[in-house]
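J.:
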Amino acid sequence: QKEVEQDPGPLSVPEGAIVSLNCTYSNSAFQYFMWYRQYSRKGPELLMYTYSSGNKEDGRFTAQVDKSSKYISLFIRDSQPSDSATYLCAMNLIYSNYQLIWGAGTKLIIKP
Amino acid sequence: DVKVTQSSRYLVKRTGEKVFLECVQDMDHENMFWYRQDPGLGLRLIYFSYDVKMKEKGDIPEGYSVSREKKERFSLILESASTNQTSMYLCASIPRLAVNTGELFFGEGSRLTVL
Numbered sequence: 118q119k120e121v122e123q124d125p126g127p128l129s130v131p132e133g134a135i136v137s138l139n140c141t142y143s144n145s146a147f148q149y150f151m152w153y154r155q156y157s158r159k160g161p162e163l164l165m166y167t168y169s170s171g172n173k174e175d176g177r178f179t180a181q182v183d184k185s186s187k188y189i190s191l192f193i194r195d196s197q198p199s200d201s202a203t204y205l206c207a208m209n210l211i212y213s214n215y216q217l218i219w220g221a222g223t224k225l226i227i228k229p
Numbered sequence: 257d258v259k260v261t262q263s264s265r266y267l268v269k270r271t272g273e274k275v276f277l278e279c280v281q282d283m284d285h286e287n288m289f290w291y292r293q294d295p296g297l298g299l300r301l302i303y304f305s306y307d308v309k310m311k312e313k314g315d316i317p318e319g320y321s322v323s324r325e326k327k328e329r330f331s332l333i334l335e336s337a338s339t340n341q342t343s344m345y346l347c348a349s350i351p352r353l354a355v356n357t358g359e360l361f362f363g364e365g366s367r368l369t370v371l
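Residue numbers (this note's numbering), protein chains in the order written: chain A, 118 to 229; chain B, 257 to 371.
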């Protein structure tokens with residue numbers, strides 16, 4: 118079993134829809150949770166990060182962490198075609214020498 | 257803006273060839289990383305370096321070596337390329353003080369095909 122599970126998709130939704138992207142993990146010691154976005158033929162870029170449980174909002178994006186269920190989510194409101202990308206979750210332990218544990222990534226397609 | 261530059265975007269090599277992948281960052285970051293990315297497997301860490309001439313093995317170091325002679329440059333070397341090393345290779349950097357945010361800055365990747 119992988120430490121971090123993420124459905125690879127593709128997930129195809131119409132423009133304007135609310136998108137929910139999810140990851141589950143097995144190590145209860147993970148403290149920091151990140152979402153990276155990767156456009157085709159580009160490197161990943163950090164979208165959001167959260168520490169411990171709770172929600173964090175940034176514009177149309179909301180990151181949610183539920184440590185009791187070992188589940189994290191990224192919600193995208195009012196989705197746009199420009200949101201079409203692969204979304205990777207990543208997490209790490211404190212004092213981990215930056216060694217992130219990555220999900221496999223979910224490919225998201227927003228249809229105009 | 258932070259810039260991480262990978263010198264070769266696309267390479268085609270033959271089995272047994274020695275391959276060099278170069279990465280340069282311009283923001284004076286202490287830490288640099290090499291990942292490979294394969295469909296369904298996500299990013300897997302090959303090596304990382306936290307200082308000049310320092311290196312640590314990641315999860316899949318076999319068949320690879322690295323060199324960090326200058327702070328801004330981190331090279332990945334495939335001593336004898338094999339077909340199972342066909343992949344996308346991503347270089348990344350992060351400043352030492354950003355450990356908690358995990359904000360890695362990535363290059364655009366080098367897609368290597370080994371025939």
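Just so it is clear, CB atoms sit at the ideal spot from N, CA and C, and this is done for glycine as well. Just so you know, these numbers come straight off a predicted model, no measurement behind them.
Below 7 Å CB to CB, which residues in the same chain sit around L164(A) once its five sequence neighbours on both sides are set aside?
T.: Closer than 7 Å at Cβ, skipping near neighbours: W152, Y153, R154 and F178.
J.: When DSSP labels each residue in this structure, what does Y180(A) get in the three-state scheme?
T.: Note that residue 180(A) corresponds to Ala in the displayed sequence, not to Tyr. DSSP places A180(A) in strand when its eight states are reduced to three.
J.: How about F362(B): is its C-beta nearer than 8 Å to some C-beta of chain A?
T.: Judged by the 8 Å Cβ criterion, F362(B) is in contact with chain A.
J.: In the DSSP output, what is F147(A) paired with across the bridge?
T.: Answer is none; F147(A) lacks a bridge partner.
J.: Straight-line CA distance for Y320(B) to Q197(A)?
T.: In a straight line, the C-alpha of Y320(B) is about 40 Å away from that of Q197(A).
J.: What does the alpha-carbon distance come out to for the pair S264(B) and L277(B)?
T.: Going from the Cα of S264(B) to the Cα of L277(B) covers about 7 Å.
J.: Under 8 Å: do the region 119 to 126 of chain A and the region 138 to 146 of chain A share three or more Cβ pairs, one atom per stretch?
T.: Enough Cβ pairs lie closer than 8 Å, so yes.
J.: In the DSSP assignment, find the beta strand (DSSP E) that holds S331(B) and state where it starts and stops.
T.: First-last of the beta strand (DSSP E) with S331(B): R329 to L334.
J.: Judging by CA-CA distance, which residue of L368(B), S331(B) and F304(B) is the nearest neighbour of R352(B)?
T.: For the residues L368(B), S331(B) and F304(B), the minimum Cα distance to R352(B) belongs to F304(B).
J.: Given a limit of 7 Å on CB to CB distance, which residues of the region 269 to 291 of chain B reach chain A?
T.: Here the close residues are N287.
J.: To test your reading of the DSSP string, which unbroken beta strand (DSSP E) runs of 3 or more residues are found completely within the region 277 to 353 of chain B?
T.: Within the region 277 to 353 of chain B, the complete beta strand (DSSP E) runs of at least 3 residues are 287 to 294, 298 to 305, 320 to 326, 329 to 334 and 343 to 350.
J.: Got a sec? Which residues, its chain only, sit under 7 Å from S190(A) by beta carbon, not counting five neighbours each side?
T.: Only S137, L138, N139 and Q181 meet the Cβ criterion.
J.: Within 8 Å of any Cβ in chain A, is that where the Cβ of G298(B) sits?
T.: By this cut-off, G298(B) is an interface position.
J.: Could you tell me whether the Cβ atoms of Q281(B) and E328(B) are closer together than 8 Å?
T.: The answer is yes: Cβ separation under 8 Å.
J.: For a test of the three-state rule: what should DSSP assign to D175(A), helix, strand or coil?
T.: Residue state, collapsed to three classes: strand.
J.: If you draw a straight line from the C-alpha of L360(B) to the C-alpha of Q293(B), how long is it?
T.: If you take the alpha carbons of L360(B) and Q293(B), they lie about 15 Å apart.
J.: Among K269(B), F362(B) and N287(B), which has the Cα closest to the Cα of C347(B)?
T.: Nearest option by C-alpha distance: F362(B).
J.: Using only alpha-carbon positions, find the residue among D315(B), E286(B) and R324(B) that is nearest to Y306(B).
T.: Taking only the C-alpha atoms, the option nearest Y306(B) is E286(B).
J.: Kindly indicate if chain B contains any beta-carbon less than 8 Å away from that of L138(A).
T.: Cβ-Cβ to chain B under 8 Å: no for L138(A).
J.: Is the Cβ of Q216(A) closer than 8 Å to any Cβ of chain B?
T.: Judged by the 8 Å Cβ criterion, Q216(A) is in contact with chain B.
J.: Find the residues of chain B that neighbour K159(A), judging by a C-beta separation of less than 9 Å, and give them in chain order.
T.: The contacting residues are F362, E364 and G365.
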